[in-house]
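This is the structure in structure tokens:
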């Protein structure tokens with residue numbers, strides 16, 4: 025019994041397995057009957073660039089599609105933006121309101137055309153184009169653009185007048201009601217074959233009695249592959265002397281400019297010319313400058329006083345001493361006895377203050393007043409202070425012609441007008457004593 029039972033159980037398990045397989049096959053047959061060929065049809069792959077479901081992660085190593093970045097290039101209008109915007113009248117949309125020249129060599133002029141479109145319904149008028157500096161100029165631009173048409177604004181920049189990084193603005197005036205002005209911008213960097221830094225050497229304020237020379241330095245750098253050779257350095261003004269000293273032969277030099285006393289008063293300037301062997305930069309210019317004031321100055325040298333001040337008052341004038349030496353002010357002379365003039369030193373007697381007192385209702389005589397004073401400085405022995413006053417335009421009296429009235433009319437008086445001389449209206453037959461004329465009656 026036991027052996028029969030053991031042989032029957034395995035056969036029963038095999039029967040159940042076969043039945044299960046048959047059930048699965050039958051189910052598949054039913055599905056195939058309802059959708060013929062569906063089971064053998066391969067599943068399609070998602071198209072390249074298809075959007076991922078919300079929250080789905082991008083597979084590793086898969087590149088982002090072109091244009092996936094939210095921001096576009098600087099100054100670039102994305103496609104469709106100009107068309108989407110509507111204008112009730114004329115409109116203007118620029119393709120590239122900002123242009124970057126990149127790095128350009130100094131010397132030749134570089135140009136760029138700003139293109140724009142009128143997406144409005146009326147004619148666009150570009151009335152004016154203004155640049156921010158003299159190095160940038162605008163050419164002949166399209167002034168009237170019909171709806172849907174395009175125009176251009178040519179811009180040119182002189183690289184010889186610009187150094188290093190630059191950014192210039194252009195203002196475009198139009199008849200667009202919503203925004204009549206449009207701002208454009210050009211930017212870039214200008215490099216020179218031979219660069220001098222700084223290009224302007226300022227010695228600042230020097231004294232006329234200086235005895236020691238002053239020096240200022242700049243660096244000359246060769247930006248070309250060819251070796252630089254300094255052929256000569258000359259100064260336009262003999263007050264400045266210049267020389268180039270090698271730091272790295274052919275590549276880098278030091279420019280030394282010396283201001284040699286004695287100095288004449290006023291503004292001193294000199295153009296330093298550096299001659300090189302570089303064909304694209306045969307001559308490099310550097311400017312040297314200084315200011316030498318007078319040894320002694322009146323500040324101000326001309327005293328402009330008010331007209332007919334009702335109360336007495338005083339004015340102060342500073343005596344500025346630029347000599348560096350102590351000076352004395354003496355022998356003050358004033359031709360107008362109505363004025364009181366005094367001087368007070370300011371410690372340590374380098375500068376002084378001149379005080380002028382004016383009486384009430386003071387009127388400067390014709391030609392003004394000249395106050396003179398002496399100084400103890402050999403180079404400036406005397407100073408002159410001028411006193412002036414604004415002139416009052418005199419009112420010229422003019423006579424109003426008399427009004428002739430009809431016989432029997434009552435006499436009247438003309439209304440008063442400021443600045444004019446008025447007379448009563450005379451009756452016919454009466455004599456005007458001031459003019460000696462006789463007013464005769466009108467004949468009827």
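Residue numbers (the working numbering): 25 to 468. For each residue, glycine too, the CB sits at the ideal point set by N, CA and C. The model shown is predicted, which means the values in this text are computed figures rather than measured ones.
Output the boundary residues of the beta strand (DSSP E) element that contains residue 270.
From DSSP, the beta strand (DSSP E) with residue 270 extends over 264-272.
How long is the line joining the alpha carbons of residue 91 and residue 292, rounded to whole angstroms?
In this prediction, residue 91 scores a pLDDT of 33, lower than 50, which makes its location untrustworthy; no coordinate-derived value is stated.
Among 196, 117, 247, 273, which residue has its Cα nearest to the Cα of residue 172?
Among 196, 117, 247, 273, the Cα nearest to that of residue 172 belongs to 117.
Which value, in whole angstroms, describes the spacing of the CA atoms of residue 362 and residue 395?
Spanning the two alpha carbons is a distance of roughly 13 angstroms.
What separation, rounded to the nearest whole angstrom, lies between the Cα atoms of residue 357 and residue 379?
The straight-line gap from Cα to Cα measures roughly 13 angstroms.
Drop a sphere of 10 angstroms on the beta-carbon of residue 330, count the other beta-carbons inside from all chains shown, and report buried for 16 or more, exposed for fewer.
Exposed: under 16 other Cβ atoms inside 10 Å.
Could you give the C-beta distance for residue 322 and residue 401, rounded to a whole number, given that I count them as a contact under 8 angstroms?
Actually they are not in contact, since the Cβ atoms of residue 322 and residue 401 sit about 13 angstroms apart, beyond 8 angstroms.
Classify residue 271: buried if its beta carbon has 16 or more other beta carbons within 10 angstroms, exposed otherwise.
Answer is exposed; the Cβ neighbour count stays below 16.
So for residue 280, helix, strand or coil by DSSP?
If DSSP states are grouped into helix, strand and coil, residue 280 belongs with the strands.
Report the start-end ranges of each beta strand (DSSP E) in the stretch 274-337 that is 3 residues or longer and not cut off at the edges.
Listed in chain order, the complete beta strand (DSSP E) runs (minimum 3 residues) inside the stretch 274-337 are 276-283, 290-300, 307-316, 320-323, 326-328.
Going by beta-carbon coordinates alone, are residue 142 and residue 179 separated by less than 8 angstroms?
The answer is no: Cβ separation not under 8 angstroms.
Under the rule that 16 or more other beta-carbon atoms within 10 Å means buried, what is residue 385, buried or exposed?
Label assigned to residue 385: exposed.
Taking the beta strand (DSSP E) that residue 401 falls in, what are its first and last residues?
Where residue 401 is concerned, there is no enclosing beta strand (DSSP E), given that its DSSP letter is neither H nor E.
Taking all protein chains shown into account, do 16 or more other C-beta atoms lie within 10 angstroms of the C-beta of residue 132, making it buried, or fewer, making it exposed?
When all chains shown are included, residue 132 counts as exposed.
What beta strand (DSSP E) runs, 3 residues minimum, are completely inside the stretch 173-261?
You should have 174-182, 188-198, 205-215, 218-221, 224-229, 238-246, 254-259.
List the residues that DSSP assigns as beta-bridge partners of residue 167.
DSSP lists no partner for residue 167.
Thinking residue 196 and residue 177 are a contact (beta carbons under 8 angstroms), I'd like their distance in whole angstroms, please.
Sure, about 7 angstroms apart at Cβ, within 8 angstroms.
Would a C-beta distance cut-off of 8 angstroms place residue 113 and residue 146 closer than the cut-off?
A contact, by the Cβ cut-off of 8 angstroms.
Determine, using beta carbons only, whether residue 320 and residue 230 come nearer to each other than 8 angstroms.
It is not a contact, given that the beta carbons lie outside the stated cut-off.
If you reduce the DSSP assignment to three classes, tell me which class residue 360 lands in.
Coil, per DSSP.
Closest to residue 252 by C-alpha separation, out of 350, 273, 240, 239, would be which residue?
When each option's Cα is compared against that of residue 252, the closest is 273.
Is residue 379 helix, strand or coil by DSSP?
Three-state DSSP puts residue 379 in a strand.
Can you have a look at residue 314 and say buried or exposed, based on whether 16 or more other CB atoms are within 10 angstroms of its CB?
Under this definition residue 314 is a buried residue.
Mind checking whether residue 149 and residue 198 have CB atoms under 8 angstroms apart?
Yes, the pair counts as a contact, with Cβ atoms nearer than the cut-off.
What is the rounded straight-line gap between the Cα of residue 366 and the Cα of residue 392?
C-alpha separation (whole angstroms): 19 angstroms.
Are residue 266 and residue 254 close, meaning C-beta to C-beta below 8 angstroms?
The answer is no: Cβ separation not under 8 angstroms.
Can you tell me whether residue 194 is buried or exposed? The criterion is at least 16 other CB atoms within 10 Å of its CB, across all chains shown.
It is buried - the Cβ of residue 194 has at least 16 other Cβ atoms within 10 Å.
Give me the Cα-Cα distance between residue 228 and residue 290, rounded to the nearest whole angstrom.
Approximately 12 angstroms, taken between the alpha carbons.
What residue does the beta strand (DSSP E) around residue 133 start on, and which one ends it?
Counting along the chain, the beta strand (DSSP E) containing residue 133 begins and ends at 133-141.
Tell me, which residues are paired with residue 409 by DSSP?
Bridge partners of residue 409: 395.
Which residue's Cα is closest to the Cα of residue 128: 216, 298, 283, 381?
With distances taken between Cα atoms, residue 128 lies closest to 216.
Between residue 469 and the rest of its own chain, which residues show a CB-CB distance below 7 angstroms, the 5 nearest in sequence each way excluded?
The structure shown does not extend to residue 469, since the chain spans only 25 to 468, so no value can be given for it.
Looking at residue 140 and residue 124, is the spacing between their C-beta atoms short of 8 angstroms?
Against a cut-off of 8 angstroms, the Cβ pair of residue 140 and residue 124 comes out as no contact.
Measuring alpha carbon to alpha carbon, tell me which residue in 152, 414, 264, 250 is nearest residue 310.
Answer by Cα proximity: 264.
Within 10 angstroms of its Cβ, does residue 305 collect 16 or more other Cβ (buried), or is it exposed?
The residue is buried, with at least 16 neighbouring Cβ atoms inside 10 Å.
If I measure Cβ to Cβ from residue 336 and keep anything under 6 angstroms in the same chain, skipping five residues before and after, which residues do I get?
The answer, listed in chain order, is 383, 384.
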